[in-house]
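**Student:**
Numbering (this note's numbering), first residue to last: 318 to 396.
1. Assuming residue 324 and residue 355 make a contact with CB atoms under 8 Å, what is their CB distance in whole Å?
2. At which residues does the beta strand (DSSP E) containing residue 365 begin and terminate?
3. When the Cα of residue 392 is compared with those of 380, 386, 381, 363, which residue comes out closest?
4. Looking only at C-alpha atoms, which of 378, 396, 395 sits nearest to residue 388?
5. So what does residue 378 bridge to, in DSSP terms?
6. Kindly indicate which residue of 374, 383, 360, 384 has the alpha-carbon position closest to the one of residue 344.
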């Protein structure tokens, strides 16, 4: 399983709508509103064979109201 975090910049006034759409995506486990350059942080779990770039381009970037994304690939979770 691959874990990625996608920071999403939304069109003005659409962050909550984008978040509502994103939580319905099967691979998305959490969506948080954040401060700073981006509006949302989306945590996703992808199959090991999944193409991360293709997922982001075809699934996250195509959500209505998404203006820009920045993807982080996680390697190891610590507890």
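For glycine and all other residues, C-beta sits at the position ideal for the given N, C-alpha and C.
**Tutor:** On the basis of the data shown:
1. Right, their Cβ atoms sit about 4 Å apart.
2. No beta strand (DSSP E) contains residue 365, which DSSP labels as neither H nor E.
3. 363
4. 378
5. The partner list for residue 378 (beta bridge, DSSP) is empty, contrary to what the question assumes.
6. Nearest C-alpha to residue 344: 360.
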